[in-house]
Amino acid sequence: MFLNVSFGVSTWLWTSPFDKSTLKLFPKIKEMGFDKVEIPVEDPSLIDGKEVKKALEDNGLQALVCGAFGPSRDLTHDDPKYHQICLDYLSACFKISAELGASFVAGPMYSAVGKARLVSEEQKKTEWERAVNNLQKVCEMAADWGQDIALEALNRFETDLINNSKELMQLIDDINHPRAKVLLDSFHMSIEEANMEDAVRLVGDKLIHVQVSENHRGIPGTGQTHWDSFKRGLEAVNYQGCISIESFTPNVQELAGAVCIWKPLASSQDLFAEKGLAFLKDWSKGRFFTH
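If you read the sequence shown in this note's numbering, its first letter stands for residue 1, the second for the next number, and so on.
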């Protein structure tokens, strides 16, 4: 069975942050055979929506938008001023996404990335409630822009709040808003899920975006990811969105440090993209099975 999907790649594979200079990647991304480009919004002030939209149109690409949630963008922080910083940031992300013709903003927006601690049940309950209440506000903002939010579970080394599909669906159930949807990332799933097919089936029709890399963050198809199980899950829920390669370059020190990539994962970032896309196209057509 074939997956009826499109393919994208994050510009984080080559550079950070996204700004005017990043647009020079678009012709190469299109020539490689990608349909979409994933735009990480680290600093909204660096992104001119009209300029990016023209570059997308000139190169026959569509946009995906994901957020970046550092320590100051934390909807679960004890100090409410950080909630507002994050809400203001997400408002800017929705504006950019709408300008670019995208339909959602993705990411682990419930908490700051890297906030991984052993906390009391009482503290966890408090932070969970903050995440729910603030994400209800985020969903209302998203609705005003005609957008959804695609919430992402992260592995235990990057967050202590939402690590797997079960926890993510509990959060979405508690938010109880039609704009709250799901992003699944094969890297985090390879660490946290007991069975990838079951994890995809659990989120069901809430799934609106998929990110992939290998279990070691390298080129898809070169590691231990259970790709056959993942594909069965996507088939079962009739997923027809984008499958986007998300990994990172070791050449941007701040970014590499944040995601713990200490050495190259391919001989070149271009090769990473090309080989990754070739694998994903074969895999989506049922030409590859493992495990």
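Ideal placement from N, C-alpha and C gives every residue a C-beta, glycine not left out.
Quick caveat: nothing in here was measured; it's all calculated off a predicted structure.
Roughly how many whole angstroms lie between the Cα atoms of aspartate 282 and alanine 116? So the two alpha carbons sit approximately 37 Å from each other.
Mark cysteine 260 as exposed unless 16 or more other C-beta atoms lie within 10 angstroms of its C-beta, in which case mark it buried. Cysteine 260 should be labelled exposed.
Buried or exposed for tryptophan 14, going by 16 or more other Cβ atoms inside 10 Å? Counting Cβ neighbours within 10 Å, tryptophan 14 comes out buried, since at least 16 surround it.
Kindly list the residues whose CB is nearer than 8 Å to the CB of glutamate 31, restricted to its own chain and excluding five residues on each side of it in sequence; keep chain order. None.
Bridge partners - valine 132, DSSP secondary structure assignment: Paired residues: none, contrary to the question.
Between the CA atoms of leucine 87 and proline 44 - distance to the nearest angstrom: One C-alpha to the other measures close to 13 Å.
When the Cα atoms are used, what is the spatial distance from histidine 209 to lysine 231? Looking at the two C-alpha atoms, the distance is approximately 14 Å.
Are isoleucine 364 and serine 16 closer than 8 Å when you measure CB to CB? Because the chain in this structure spans residues 1 to 291, residue 364 falls outside the shown range and cannot be described.
How about threonine 47 and phenylalanine 18: are their beta carbons less than 8 Å apart? For the record, residue 47 in the displayed sequence is isoleucine; it is not threonine. It is a contact, given that the beta carbons lie within the stated cut-off.
Taking its Cβ as the centre, do 16 or more other Cβ atoms sit within 10 Å of serine 267, making it buried, or is it exposed? Exposed.
Shortest alpha-carbon distance to leucine 234 belongs to which of Asp205, Tyr82, Gln136? Between leucine 234 and the set Asp205, Tyr82, Gln136, the nearest pair of CA atoms involves Asp205.
When Cys242, Gly218, Glu254, Thr222 are compared against leucine 265, the one with the closest alpha-carbon: Distance check between leucine 265 and each of Cys242, Gly218, Glu254, Thr222 places Gly218 closest, using alpha-carbon atoms only.
Restricting to Cα atoms, I'd like to know which of Ala194, Asp74, Asn133 is closest to asparagine 155. Checked all of Ala194, Asp74, Asn133; the closest Cα to asparagine 155 is Ala194.
Boundaries (first-last residue) of the beta strand (DSSP E) holding valine 9: Element bounds for valine 9: 6 to 10.
With distances taken Cα to Cα, identify the nearest neighbour of lysine 28 among Gly60, Gly101, Ala112. Relative to the Cα of lysine 28, the nearest Cα in the group Gly60, Gly101, Ala112 belongs to Gly60.
Three-state secondary structure assigned by DSSP to alanine 63: Strand, per DSSP.
Bridge partners of valine 212, per DSSP? Looking at the DSSP assignment, valine 212 forms a beta bridge with Ile245.
To the nearest angstrom, how far is it from the Cα of leucine 271 to the Cα of glutamate 122? Leucine 271 and glutamate 122: Cα-Cα distance of roughly 47 Å.
Among Glu197, Leu255, Leu90, Val5, nearest to lysine 166 - alpha-carbon criterion: Out of Glu197, Leu255, Leu90, Val5, Glu197 has the C-alpha closest to the C-alpha of lysine 166.
Tell me the DSSP bridge mates of lysine 181? DSSP lists Ala150 as the beta-bridge partner residues of lysine 181.
Taking just the CA atoms, how far does lysine 137 sit from arginine 292? Beyond the ends of the chain as shown, which are 1 and 291, falls residue 292; an answer cannot be given.
First through last residue of the beta strand (DSSP E) which encompasses lysine 275: Annotation: lysine 275 is outside any beta strand (DSSP E); the continuous alpha helix (DSSP H) that includes it extends over 269 to 284.
Taking the alpha carbon of serine 186 as the point to measure from, which residue in Ser213, Asn176, Asp160 has its own alpha carbon closest? Out of Ser213, Asn176, Asp160, the CA that lies nearest to the CA of serine 186 is found in Ser213.
Identify whether glutamate 38 lies in helix, strand or coil by the three-state DSSP scheme. Strand, per DSSP.
Is threonine 159 helix, strand or coil when you go by DSSP? When DSSP states are grouped into helix, strand and coil, threonine 159 belongs to the strand group.
What is the DSSP secondary structure of valine 119, counted as helix, strand or coil? Coil at valine 119, not helix or strand.
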